[in-house]
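The structure under discussion appears below in the form of structure tokens.
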Amino acid sequence: MGTIEVSCDGAAPPAPSQKRDREYGMCVDPLIDGRSENRKNELQRKLTTLKEEGRLYKIWKFIHKYRPGKPVRPLPNIQGGYNAVFGLEFTDGAAIMRVALPGVNAFAEEKVRVEVATLRYIERMTSIPVPHVYHWGTADESPLGLGPFIIMDYIPHKCSLADVLADPSVEDSERQYLDRNVPRDKLDRVYGQVARIVLELSRLEMSRIGSLAYDEDRDAFTVGSRPLTQDMNDLVVQGGIPPCVLPPEQTTYASSREWYEVLADLHVAHLTFQRNEAIVSADDCRDKFVARYLFRQQVRQGKLLPDWEGGLSGKDREEEKFKLRIDDFRPHNVLIDADLNVVGVIDWEWAYFAPASFRHDPPWWLLLGHPEFWRGTVLDWRNEFSDVLDVFCRALQQVEEKEEQEKREDDGEWSIDQHIDALSLDAKEESPMTLRLSERMRQSWDAGTFWANYAACRFYGFDPVFWEFLDERFFRKNAEGGFEGRIHLLPDKVRRRMELFVDKKVEESQEMKIEEWESQQAREYLAEILADLD
1 MGTIEVSCDG AAPPAPSQKR DREYGMCVDP LIDGRSENRK NELQRKLTTL KEEGRLYKIW
61 KFIHKYRPGK PVRPLPNIQG GYNAVFGLEF TDGAAIMRVA LPGVNAFAEE KVRVEVATLR
121 YIERMTSIPV PHVYHWGTAD ESPLGLGPFI IMDYIPHKCS LADVLADPSV EDSERQYLDR
181 NVPRDKLDRV YGQVARIVLE LSRLEMSRIG SLAYDEDRDA FTVGSRPLTQ DMNDLVVQGG
241 IPPCVLPPEQ TTYASSREWY EVLADLHVAH LTFQRNEAIV SADDCRDKFV ARYLFRQQVR
301 QGKLLPDWEG GLSGKDREEE KFKLRIDDFR PHNVLIDADL NVVGVIDWEW AYFAPASFRH
361 DPPWWLLLGH PEFWRGTVLD WRNEFSDVLD VFCRALQQVE EKEEQEKRED DGEWSIDQHI
421 DALSLDAKEE SPMTLRLSER MRQSWDAGTF WANYAACRFY GFDPVFWEFL DERFFRKNAE
481 GGFEGRIHLL PDKVRRRMEL FVDKKVEESQ EMKIEEWESQ QAREYLAEIL ADLD
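Under full-length UniProt numbering, think of the first position of the sequence shown as 1, with each following residue one higher.
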């Protein structure tokens with residue numbers, strides 16, 4: 001393990017005695033994040049040079065090689081958060097080559113391969129409008145050595161759904177919030193269309209947890225590699241977590257419990273390996289350590305699995321089916337035309353099959369902003385979310401009822417016996433396996449399962465969610481509000497490990513550095529800490 005000293009623009013680290021408010025999650029490591037952004041900007045500098053040298057025509061020629069038609073003119077280049085886009089207009093449409101940016105994509109080629117498989121799967125299995133993929137390749141196959149790429153259709157549109165729903169009074173482009181003055185008829189219209197997409201996605205399932213792979217020889221889709229999540233990527237490019245402590249690329253999972261245990265261990269890894277801005281004081285570190293220990297304890301003891309798996313147990317749990325989750329599915333990636341019609345859904349990176357309860361949770365993006373980034377606290381987010389969830393669930397329920405009606409009409413008139421069976425089913429308390437998706441979402445929200453799943457998946461938003469919504473749900477009243485009220489739950493061995501851990505993190509916080517770990521050393525160190533928590 002080595003260290004690289006890096007300047008932090010003269011900013012002094014917080015004083016060790018300062019205690020962070022639990023309303024906020026862990027900050028990203030500014031040195032690691034800055035290094036990632038610098039690497040991303042290297043491509044922009046390269047593109048400027050290529051443009052000045054008149055060499056971008058090679059990219060347009062490359063697009064034309066795989067997209068048939070008569071080209072008309074190039075489209076403006078675009079650089080987003082994770083990708084750079086080059087476009088070429090044809091007489092009958094347009095195509096783009098999207099290149100994964102260096103620095104911000106820790107697993108660029110894996111990401112591109114998974115997204116291509118997902119796009120082809122969605123195109124074949126659903127009616128959701130997505131870009132058609134013409135060709136894709138690795139960095140070695142990329143023109144001008146730009147990076148892993150996808151050549152696909154460009155979908156004409158007016159704007160994104162987020163542009164229509166965002167509060168226009170907020171000028172911060174990094175923070176968007178739902179405009180509570182959006183006319184109800186407009187909200188109903190767009191929510192109805194998005195609800196149809198969400199409902200269609202909820203029906204896609206596989207028998208293992210992981211990311212899709214496409215076998216061209218067999219023309220078949222399988223779960224072929226680890227769940228490549230957006231948060232796993234961010235742990236590396238924003239937190240400096242050694243990639244070697246993440247799940248191996250070829251690993252898939254057969255049960256929800258396995259995946260939740262992986263996520264719980266990754267929360268410990270996050271706190272362990274992020275050096276800068278991970279804590280601001282010894283007590284803040286104890287808060288974070290205790291929260292992760294207790295959450296991991298609940299997962300490993302299986303105490304939350306009945307909620308997360310919809311009540312499955314025994315033989316049924318062995319036959320779990322997993323649902324497609326897209327970490328970056330949100331209004332920013334839903335394209336609409338001038339008449340508010342959804343014309344496309346883009347950015348299918350970070351898609352993987354996950355525990356079914358992930359799909360049954362209500363969408364966090366109904367307010368556009370994440371709970372931990374809200375204008376206030378996660379409690380303020382919860383209060384605003386309840387109202388908009390009602391609107392979305394009603395829209396989803398209407399879509400479900402319409403589809404059920406259409407199915408009845410397609411199947412023909414019901415017999416008297418079928419009507420009696422339907423009435424008797426309505427009269428009974430419905431089992432978790434017969435609930436509509438709209439009902440499952442309300443159930444997840446009311447029961448607090450939404451928050452348990454959110455905490456499991458969201459590494460930088462874990463702490464406020466745990467202390468506000470999970471702590472007392474798990475362990476009853478906590479009058480002292482943090483680790484002080486839970487220290488008695490830790491065995492002596494874990495308390496000793498915590499104090500050693502706290503001493504090390506406080507020492508690290510005194511000096512801003514980038515720390516480089518050797519793979520074997522990182523794995524052994526994490527294994528040692530996890531063993532002490534068992």
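Here a beta-carbon is modelled for each residue, glycine too, at the ideal position from N, C-alpha and C.
Using only the alpha-carbon positions, how far apart do residue i and residue j sit?
i	j	result
V334	A195	12 Å
L50	D387	50 Å
D219	A94	27 Å
E249	R226	5 Å
E53	G69	27 Å
K323	G210	10 Å
R98	A84	6 Å
F90	G369	37 Å
D337	N276	44 Å
P491	F295	15 Å
M152	Y134	5 Å
residue 535	F353	In the structure as shown, the chain begins at 1 and stops at 534. Residue 535 is therefore absent and cannot be evaluated.
I4	V502	Caution applies to I4, whose pLDDT of 40 falls short of 50 and renders its modelled position unreliable; the value that the coordinates give is listed next. Spanning the two alpha carbons is a distance of roughly 22 Å.
Y177	V343	23 Å
F474	L47	52 Å
S207	C159	37 Å
P148	W517	26 Å
P71	I326	33 Å
P247	R73	44 Å
M498	L266	17 Å
G87	R113	20 Å
G81	L75	19 Å
R203	V28	35 Å
F329	A351	9 Å
R495	D172	43 Å
Please check the pair residue i and residue j, which I expect to be a contact at CB under 8 Å, by giving their CB distance rounded to whole angstroms.
i	j	result
L119	P331	No, L119 and P331 are not in contact; Cβ-Cβ is about 19 Å, not under 8 Å.
I150	W136	5 Å
F462	A452	At roughly 11 Å, the Cβ-Cβ gap does not stay under 8 Å, so F462 and A452 are not in contact.
A395	D188	6 Å
L340	V182	Not quite, the Cβ-Cβ distance comes to about 11 Å (not below 8 Å), so this is no contact.
R35	I514	7 Å
A278	I241	Wrong, their Cβ atoms sit about 11 Å apart, outside the cutoff.
V378	V465	6 Å
Q405	G192	Their Cβ separation, rounded to whole angstroms, is 15 Å, which puts Q405 and G192 out of contact at 8 Å.
A522	V245	6 Å
T126	E200	5 Å
E261	V299	6 Å
L212	Y121	6 Å
E123	H132	7 Å
Helix, strand or coil for residue i, going by three-state DSSP, please let me know.
i	result
Q79	strand
T222	strand
I346	coil
residue 549	Nothing can be reported for residue 549, as the shown portion of the chain is limited to 1 through 534.
G210	strand
A351	strand
S386	helix
E249	coil
S255	coil
W517	coil
G69	coil
E528	helix
R98	strand
E205	strand
W361	Contrary to the premise, residue 361 reads as Asp rather than Trp in this sequence. The answer is coil: DSSP assigns D361 none of H, G, I, E or B.
S438	helix
V280	coil
G93	strand
V85	strand
M167	Looking at the sequence itself, residue 167 is Asp, so the reference to Met does not match. If DSSP states are grouped into helix, strand and coil, D167 belongs with coil.
I'd like the span of the alpha helix (DSSP H) that includes residue i, first residue to last.
i	result
G34	P30 to E52
Y121	A108 to M125
M498	D492 to S509
N453	T449 to C457
residue 535	The displayed coordinates of the chain run from 1 to 534. Any statement about residue 535 would go beyond what the structure contains.
May I ask which residues mark the beginning and end of the beta strand (DSSP E) holding residue i?
i	result
R325	F322 to I326
D153	F149 to D153
L335	V334 to I336
M26	Element bounds for M26: n/a, residue is neither H nor E.
W136	V133 to G137
(request) Assess, as a yes-or-no matter, whether the segment 227-247 is touched by the segment 432-448 under the definition of 3 or more beta carbon pairs within less than 8 Å. (result) no
(message) Under 8 Å, with one C-beta from each stretch per pair, do the segment 277-295 and the segment 494-508 reach the 3-pair mark?
(response) yes
(message) Quick test of the definition: if touching needs 3 or more C-beta pairs under 8 Å, does the segment 474-487 touch the segment 250-257?
(response) no
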